[in-house]
Each structure stands twice: as structure tokens, then as C-alpha cells.
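Student: In the numbering used here, the protein residues as written are 83 to 286. Where a beta carbon is used, it is the ideal one built from N, C-alpha and C, also for glycine. In this text, all values refer to a predicted model and were calculated from it rather than measured experimentally.
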Amino acid sequence: MPITDKFFAVNIRKYLALGNDREAGEPALVEMLSGFSCPKNLDVERFLKKSAIEFTKKNQSVTYLVFSKDDGELLGYFTIALKPLTVRGQTVSNTAKRKLLRISELDKESDTYTMSAYLIAQLGKNYDDGRNEEITGKELLELAWMVIENAQYMLGGIVTFLETEDEDKLLSFYRDNRFSQFDTRQISSCKDEPHELVQFLRFL
83 MPITDKFFAV NIRKYLALGN DREAGEPALV EMLSGFSCPK NLDVERFLKK SAIEFTKKNQ
143 SVTYLVFSKD DGELLGYFTI ALKPLTVRGQ TVSNTAKRKL LRISELDKES DTYTMSAYLI
203 AQLGKNYDDG RNEEITGKEL LELAWMVIEN AQYMLGGIVT FLETEDEDKL LSFYRDNRFS
263 QFDTRQISSC KDEPHELVQF LRFL
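#1: For residue 211, which of 158, 172, 236 has the nearest alpha-carbon?
#2: Closer than 8 Å: is that where the CB of residue 255 sits relative to any heavy atom of the ligand MG?
#3: Here's the rule I'm using: 16 or more other beta-carbon atoms within 10 Å means buried, otherwise exposed. How should residue 197 be labelled?
#4: Taking buried to mean at least 16 other C-beta atoms within 10 Å of its own C-beta, is residue 300 buried or exposed?
#5: Quick check: the Cα distance between residue 192 and residue 275, rounded to an integer number of angstroms?
#6: Express the C-alpha separation of residue 144 and residue 178 in angstroms, rounding to a whole number.
#7: Based on Cα-Cα distance, which residue from 83, 90, 204 lies nearest to residue 128?
#8: Using the DSSP secondary-structure output, state which residues sit across from residue 202 in a beta bridge.
#9: Verify whether the separation of the beta carbon atoms of residue 169 and residue 186 is less than 9 Å.
#10: Taking the alpha carbon of residue 118 as the point to measure from, which residue in 85, 102, 156, 161 has its own alpha carbon closest?
#11: To which residues of the same chain is residue 139 closer than 8 Å at the C-beta, ignoring the five residues directly before and after it?
#12: Is residue 280 helix, strand or coil when you go by DSSP?
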């Protein structure tokens with residue numbers, strides 16, 4: 083069964099465009115998001131409830147809600163943004179370098195390729211009332227990829243990237259879905275402890 087026969091994704095701008103309409107506007111959106119639960123990744127839950135609306139209003143990113151076509155229940159969400167990306171030449175193959183050259187600026191001295199790329203910033207399933215069982219991570223990622231493909235058709239670009247925790251299950255998941263690890267990035271947590279994220283990319 084085609085994925086579009088099972089699920090549909092809604093850009094939250096559709097709710098925001100209706101302003102303060104309590105039945106279908108921003109208040110209705112806030113109420114819907116309040117029921118989202120992702121105990122396996124509290125950052126994913128926190129972003130949706132606390133930041134997704136504001137980030138969309140500021141054009142920093144856009145969040146899409148994923149619903150079941152059977153009963154209209156919220157099953158998950160994903161967030162996409164356009165971000166600058168720098169790739170070190172030593173971390174990718176010669177084939178990848180040739181592709182990157184088409185859309186990037188090459189700094190020969192540092193052997194780095196800098197470009198605009200699509201970022202899958204968030205990806206999460208709704209565990210409320212067991213709804214996480216109704217959609218797989220692969221299906222959620224495929225819906226996000228469809229949105230990126232539509233954006234590419236209108237805007238161009240060939241690179242999508244994401245960052246994830248250094249956990250075997252997550253790394254295997256993205257590799258199985260045609261993403262390739264290319265680097266890591268150090269960040270600081272709220273306690274200023276060093277924390278490493280693994281970076282993956284995939285060509286459109």
C-alpha cells in the first residue's frame with residue numbers, strides 16, 4: 083500500500099494562517115500538540131510543544147504533523163529547515179566530492195565544501211495511547227523525504243543532512259535508509275558538558 087494511502091502530513095502554517103480561531107487556528111494547534119508524548123526522546127517532545135510554532139513563525143524551520151488517514155489521529159511529526167553545511171573533503175568519497183562541487187563553494191586550502199542544504203531537524207513518533215505502533219520510523223522518514231523532494235523540485239539543491247545521537251540503533255536506522263555518516267559535531271549541553279552528535283548526509 084502506498085504510504086500516501088495510510089498517512090498525510092500537514093504543514094503547521096495551515097493552522098497558523100487561521101490565527102486565533104479556537105476550532106482550527108493556533109489555539110487548536112497548541113491543544114493538539116499538548117497531547118504529544120515521546121518518552122524515548124524528551125528533546126523531541128519538548129521541541130514540538132515549546133519551539134515548533136515559534137520557529138515556524140520566524141521561518142527558522144517548518145514543522146509537519148503526520149496523521150493517520152484511518153482515524154485522523156496524530157502519529158508523529160518532522161521538522162525541516164534550510165541550513166548552511168560545511169563538509170570536510172577528507173570525510174567523503176571522491177564521488178561525493180564531485181556531486182558537492184556542483185552546488186558548493188570549495189575552499190581548497192582547507193579542503194571544505196560549503197553549501198545550503200536541507201536539514202531534517204526533528205523526527206519523532208507520538209507514543210500517546212500507543213499510537214507509535216501505527217507508523218514506523220522508516221515511514222515517518224519517507225514522508226519527510228517526500229516534502230524535501232517537492233522542495234527540491236521548486237528550489238534545487240541536492241544535499242539533505244541530519245544529526246543524531248551516537249547510539250548504535252539510531253546509526254543503523256539512518257544507514258539502512260541511505261544516509262551516510264560524514265562527520266561528528268561537538269555541542270554543549272545545558273550543563274556545559276561536551277556532547278557529540280553524528281552527522282549524516284544523503285543526496286537527492
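Tutor: Checking against the coordinates, here is how it stands:
#1: Comparing C-alpha distances from residue 211 to each of 158, 172, 236 shows the shortest one belongs to 158.
#2: Ligands displayed in this structure: none; no statement on the ligand MG is therefore possible.
#3: Classification for residue 197: buried.
#4: Outside the shown range of the chain (83 to 286) lies residue 300, about which nothing can therefore be said.
#5: Rounded to whole angstroms, residue 192 to residue 275 spans 28 Å at the Cα level.
#6: As the crow flies, the alpha-carbon of residue 178 is around 28 Å from that of residue 144.
#7: Of the listed residues, the one whose Cα sits closest to residue 128 is 204.
#8: Paired residue(s): 162.
#9: Yes, they are a contact pair.
#10: With distances taken between Cα atoms, residue 118 lies closest to 156.
#11: Non-local beta-carbon contacts of residue 139 in its own chain, meaning distances under 8 Å to residues more than five positions away in sequence, involve 98 in chain order.
#12: Note: residue 280 maps to strand in three-state DSSP.
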